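In UniProt numbering, the protein residues as written are 1 to 183.
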């Protein structure tokens, strides 16, 4: 029997253990994948791969927005961002306006426009911040809770169908990978 492959694998394990203390097979597998496919001779391809990842993430974002648009067209909420604002407000008593905007990684003018639309539709209310008189706080109103409760099952269905091709293990893995990119 030829043990060439096993010898090569042992060489990689030894190299990995010199550099890293982790004994998790998952971390070794990721490292090995990077060693084999993102080596020094693949700088151009690696850059191309990174570009592809960015384009695929943008594509998924657009696809999700498209799929939620039909559900939202039947409501007073016009975007997935507005839905997300209401969802976050439903889990906390109130937020400062800019806290909510920053939580969603939006530019201030965009976030403020979303808040204005929610205020105009009577889904949230605004009140002075007791700690900082310059700041305003917002909270969800009963009408906003009702709107959210009507939308949530439909939106959950869209989100479930969106990730349906993935197994539970794949969902956990991609969530962890995306967390690394977010951090």
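In this text, a Cβ means the ideal position worked out from N, Cα and C, and glycines have one as well. Remember, it's a predicted structure, so these values are computed and weren't measured experimentally.
Around the C-beta of residue 29, fewer than 16 other C-beta atoms lie within 10 Å, and the residue is accordingly described as exposed.
If you draw a straight line from the Cα of residue 142 to the Cα of residue 180, it comes to about 36 Å. Counted as a single uninterrupted DSSP element, the beta strand (DSSP E) harbouring residue 137 occupies residues 136 to 140. Relative to residue 80, the option among 54, 61, 17 whose CA is nearest is 61. The beta carbon of residue 129 sits closer than 8 Å to the beta carbons of 96, 135, 136, 137 from its chain, once the five residues preceding and following it are set aside; these are given in chain order.
When rounded, the separation of the alpha-carbon atoms in residue 104 and residue 33 is 33 Å. Residue environment analysis places residue 127 among the exposed positions, since fewer than 16 neighbouring C-beta atoms fall within 10 angstroms of its C-beta. Contact check for residue 158 against residue 76 fails: the beta carbons are separated by 8 Å or more.
A distance below 8 Å separates the beta carbons of residue 139 and residue 94. For residue 37, the number of other beta carbons within 10 angstroms of its own is below 16, and it is reported as exposed.
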